[in-house]
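Each remark here refers to the structure printed beneath this line.
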């Protein structure tokens, strides 16, 4: 198969839906061999029909599961850490359990995945690590996103630290900072607010383009960062937000 990622391998977390799924499809379309992982094996199953894609159930909150996974497969050329969780609320609405869960899924899981796969990338003197951050981070503050913004700011810091530490070793690390993306998890959050249509209108109203982003648009940036075209790019937090932060 030909394509921008021909001959490369990738591991993707949270592959069953949304940005993760779109990125698996986009990378496979560009010729990569993709290991699609997710905690939900049933939702992951439809990807088994896609050429170049293999499946693996993986709970990224389980340190032992990550270590076993990394020991069983070759280190990939591309690692896309997509798994995450959006907690709604201010600091006063974020109890210890919510704080710990968000840190665990949004930051510690990325740390563990990178720790598990980076040694193999270093042995091969090459690899592209792509981490899912958000504009709701150190880029801007978003209302009622206290712990989410905190963790995504940490992801940007984590990414920059990995980038600078291994810049001479063939390793690149970049973060993607989307605005609001039309995904299954967003729809779940809108329904949870009790008035789906009002919630949707509110999310759209903060996007200057008058629409939400799509998982496929983010996936194209994932492909770009994974490809040799960006061999000179590392340590960046790339904003893809429909003009939200410039409005």
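In our numbering, the protein residues as written are 1 to 247.
Just so you know, even glycine gets a beta-carbon here, dropped at the ideal spot from N, CA and C.
Proximity to residue i [Cα-Cα], best of the options
i	options	result
residue 111	87, 3, 210, 80	80
residue 246	179, 102, 28	179
residue 128	232, 22, 241	232
residue 10	33, 26, 187, 212	33
residue 57	77, 189, 13	13
residue 223	75, 142, 174	174
residue 27	47, 41, 42	47
residue 7	52, 163, 16	52
residue 42	142, 221, 15, 63	15
residue 171	195, 124, 200	124
residue 149	44, 236, 24, 90	90
residue 236	181, 138, 196	138
Whole-Å CB distance - residue i paired with residue j, under 8 angstroms assumed
i	j	result
residue 31	residue 5	5 angstroms
residue 225	residue 114	About 15 angstroms separates the two Cβ atoms, so there is no contact after all.
residue 213	residue 242	6 angstroms
residue 59	residue 39	5 angstroms
residue 66	residue 183	Contact doesn't hold; Cβ gap of about 24 angstroms is too wide.
residue 176	residue 238	6 angstroms
residue 217	residue 240	7 angstroms
residue 21	residue 3	Residue 21 to residue 3, Cβ: 18 angstroms. No contact.
residue 82	residue 23	7 angstroms
Contact under 7 angstroms by Cβ, residue i with residue j
i	j	result
residue 35	residue 84	no
residue 145	residue 136	yes
residue 140	residue 87	no
residue 163	residue 234	yes
residue 117	residue 71	no
residue 121	residue 75	yes
residue 199	residue 193	yes
Classification of residue i by the beta-carbon crowding that lies within 10 angstroms, buried from 16 upward
i	result
residue 209	exposed
residue 215	buried
residue 37	buried
residue 219	buried
residue 151	buried
residue 49	exposed
residue 92	exposed
Neighbour flag for residue i against chain C, beta carbons, 7 angstroms
i	result
residue 81	Looking for chain C here will not work: only one protein chain is present.
Can we say the segment 142 to 160 touches the segment 98 to 118, given the rule of at least three CB pairs closer than 8 angstroms?
Yes: the two stretches touch, three or more of their Cβ pairs being nearer than 8 angstroms.
Using 8 angstroms as the threshold, is the segment 160 to 172 in touch with the segment 193 to 208, meaning 3 or more CB pairs across them?
Inter-segment contact for the segment 160 to 172 and the segment 193 to 208 is absent: fewer than three beta-carbon pairs are separated by less than 8 angstroms.
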